[in-house]
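Peer 1: This is the structure, below, for whatever I ask next.
Chains as they are written, first to last, in the numbering used here: chain A, 372 to 582; chain B, 17 to 335.
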């Protein structure tokens, strides 16, 4: 449908007002909220994510597109809930305690949302108790942790420990990222995976939930 | 670099985005290869040069490049951090700073705003920007209007000393009864690829604030002149090379191919486009979300940011 393609294009371009208008028009044409989500908004974010992966667009452009998607999502959210449309999975995200850097985490969160995941963003400087509560309360499928400092990345292990102690470790996948983090560090602390960039984080999440 | 000399490069462009692109090309092509403490063993050495960047019209449009390591809302928050001290309360207490690398406190050791507006020496706290404004308002030709950041007691022992070292400014007659405010900034060390652009947006915003205040005091027109940015070590870290070189086998474009595949308009934004994102970028950043999120921000700072927000919303403020 042409209008869904237009929604995708306008999301990619970050034209929030046009996205709003197009969604209203699509709804008036009795196109379902689910179709608008998966064939319009998510497709738009997929395009920009693919461009980002191939170094064809800049980080702020991804976030500008994400704003358009969020604005569109707000309009159709009640309809999705009514129709009981499920997300691809629930991801709890946060930058670990002691670390206030959140740019990388925010980009991953946006790209995950764009790929159809529900993201519960705990913010920056997140203590293990907050991760734990979010996992319990939201029945999350994945926990994503970020750290930019060598001093704060050590805290990731503490979060994993607390998940183990509470008997939740087998129920959630744990992924980590951030400038000082490596694949081997992920293995050392018992995380399920490491992603060097936002696009890889989305691929990793999909892979882990499908495995 | 056979001689062992660090190259000295000069970039002279009309706008900030033009200067930014040119600087990246220059350092990439002519910079010396130097290994830094931030390079991982598997990374190539960084590219590095001493660079003087002249931006002839720092407020001409388009003022914003699209290539930087944050969103527009995040950039707005950074500007508030530098100009209004939004994150001065994230700085750790003095006794922790004095522990240097032995401190376990992961909070910050400084902010630019803290050092420029509240420089601590002996038992005094000195607002150097206010002194600059006073001095320039009395004698615009002065060569002493400057603000430093370096603290020789606090900075050498830490892992994270300030990159910006000094801000210097001077007024010159504009020939029609008013003045032109010229500003230079001096940097010890600088991440060109992921920090330069945001630094310059924040520092030129400070430049405008200083010029406006001088204009009010002198009751004369003060125009914004050229901005000069001098870095002893302006570098592109080895860890960014993958992003700059791309990966042709995997269809990943190089940074320069990305630039060349778009017109200049398509790789920049003007202030009108950016302003609503500065207010609220829709993904949790910007002035409004910042005020909602940061409950512990001191009241005085909150008020200053709320004022900025009101001006932006009234369309009375160009970012």
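Heads up, the beta-carbon is just placed ideally off N, CA and C, and yes, glycines get one too.
All values reported here derive from a predicted model rather than from experimental measurement.
Counting only runs of 3+ residues fully inside the region 215-272 of chain B, write out the beta strand (DSSP E) ranges in chain order.
Peer 2: 238-252
Peer 1: What does the alpha-carbon distance come out to for the pair residue 163/B and residue 132/B?
Peer 2: Those two C-alpha atoms are separated by around 6 Å.
Peer 1: Could you pull out every residue in the same chain whose Cβ sits closer than 6 Å to the Cβ of residue 504/A, ignoring the five residues on either side in sequence?
Peer 2: none
Peer 1: To the nearest angstrom, how far is it from the Cα of residue 99/B to the Cα of residue 129/B?
Peer 2: Each residue's Cα considered, the two are about 6 Å apart.
Peer 1: My guess is that residue 262/B and residue 426/A are in contact by the Cβ rule of under 8 Å, so how many angstroms apart are they, rounded?
Peer 2: 6 Å
Peer 1: I'd like to know whether the C-beta atoms of residue 188/B and residue 200/B end up nearer to each other than 8 Å.
Peer 2: Their beta carbons are not under 8 Å apart, which means residue 188/B does not touch residue 200/B by this criterion.
Peer 1: Buried or exposed for residue 431/A, going by 16 or more other Cβ atoms inside 10 Å?
Peer 2: buried
Peer 1: Could you give the residue range of the beta strand (DSSP E) that holds residue 174/B?
Peer 2: From DSSP, residue 174/B is part of no beta strand (DSSP E); its letter is neither H nor E.
Peer 1: Quick check: what's the CA-CA separation for residue 124/B versus residue 392/A?
Peer 2: 44 Å
Peer 1: Take every Cβ of the region 398-407 of chain A, pair it with every Cβ of the region 454-466 of chain A, and state whether three or more of those distances are shorter than 8 Å.
Peer 2: yes
Peer 1: Please decide whether residue 429/A counts as near chain B, where near means a Cβ-Cβ distance under 8 Å.
Peer 2: Taking a beta-carbon distance threshold of 8 Å, residue 429/A counts as an interface residue toward chain B.
Peer 1: Helix, strand or coil: how does DSSP classify residue 140/B here?
Peer 2: In this structure, residue 140/B counts as strand in the three-state DSSP scheme.
Peer 1: Between residue 482/A and residue 447/A, what straight-line distance do the alpha-carbon atoms span, to the nearest angstrom?
Peer 2: Between residue 482/A and residue 447/A, the C-alpha separation is close to 19 Å.
Peer 1: Is it the case that the Cβ atoms of residue 209/B and residue 40/B are separated by a distance below 8 Å?
Peer 2: yes
Peer 1: Taking only the alpha-carbon atoms, compute the straight-line gap between residue 581/A and residue 544/A and give it to the nearest angstrom.
Peer 2: 11 Å
Peer 1: Take residue 219/B as the anchor and find which of 60/B, 233/B, 196/B and 246/B has the nearest alpha-carbon.
Peer 2: 246/B
Peer 1: Any residues in the region 174-204 of chain B with a beta carbon nearer than 8 Å to a beta carbon of chain A? Which ones, in chain order?
Peer 2: none
Peer 1: Count the other CB atoms, across all protein chains shown, that sit within 10 Å of the CB of residue 82/B; report buried if there are 16 or more and exposed otherwise.
Peer 2: buried
Peer 1: Closer than 8 Å, CB to CB, is residue 470/A near chain B or not?
Peer 2: yes
Peer 1: So is residue 83/B in contact with chain A if we call contact Cβ pairs under 8 Å?
Peer 2: yes
Peer 1: Beta carbon of residue 485/A, beta carbon of residue 399/A: below 8 Å?
Peer 2: Between residue 485/A and residue 399/A, the C-beta gap is not smaller than 8 Å, which leaves the two residues out of contact.
Peer 1: Where do the ends of the beta strand (DSSP E) carrying residue 402/A lie?
Peer 2: From DSSP, residue 402/A is part of no beta strand (DSSP E); its letter is neither H nor E.
Peer 1: Using the Cα positions of residue 242/B and residue 94/B, report the straight-line distance between them to the nearest angstrom.
Peer 2: One Cα belongs to residue 242/B, the other to residue 94/B, and the distance between them is close to 22 Å.
Peer 1: Just grab the DSSP bridge partners of residue 212/B for me.
Peer 2: None; residue 212/B has no bridge partner.
Peer 1: DSSP state of residue 570/A, grouped into three classes?
Peer 2: Helix, per DSSP.
Peer 1: Specify, as a first and last residue, the run of the beta strand (DSSP E) that residue 162/B falls within.
Peer 2: 162-164
Peer 1: Using the three-state DSSP reduction, which class does residue 104/B fall into: helix, strand or coil?
Peer 2: helix
Peer 1: Closer than 8 Å, CB to CB, is residue 282/B near chain A or not?
Peer 2: no
Peer 1: Are any of the Cβ atoms in chain B nearer than 8 Å to that of residue 438/A?
Peer 2: yes
Peer 1: Quick check on residue 294/B: buried or exposed, where buried means 16 or more other Cβ atoms within 10 Å of its Cβ?
Peer 2: Residue 294/B comes out buried.
Peer 1: Would you report the Cα separation of residue 562/A and residue 537/A, rounded to the nearest angstrom?
Peer 2: 16 Å
Peer 1: Let me confirm a value: residue 141/B is counted as buried when at least 16 other C-beta atoms fall within 10 Å, else exposed. Which label applies?
Peer 2: Label assigned to residue 141/B: exposed.
Peer 1: Under 8 Å between C-beta atoms, does residue 241/B make it to chain A?
Peer 2: Using beta-carbon distances, residue 241/B does not count as an interface residue toward chain A, since no partner is under 8 Å.
Peer 1: Under 7 Å Cβ to Cβ from residue 259/B, same chain only, skipping five residues before and after it: list those, please.
Peer 2: 271
Peer 1: Who does residue 195/B pair with in a DSSP beta bridge?
Peer 2: DSSP output for residue 195/B lists 189/B and 238/B as bridge partner(s).
Peer 1: From what residue to what residue does the alpha helix (DSSP H) around residue 424/A run?
Peer 2: 413-424
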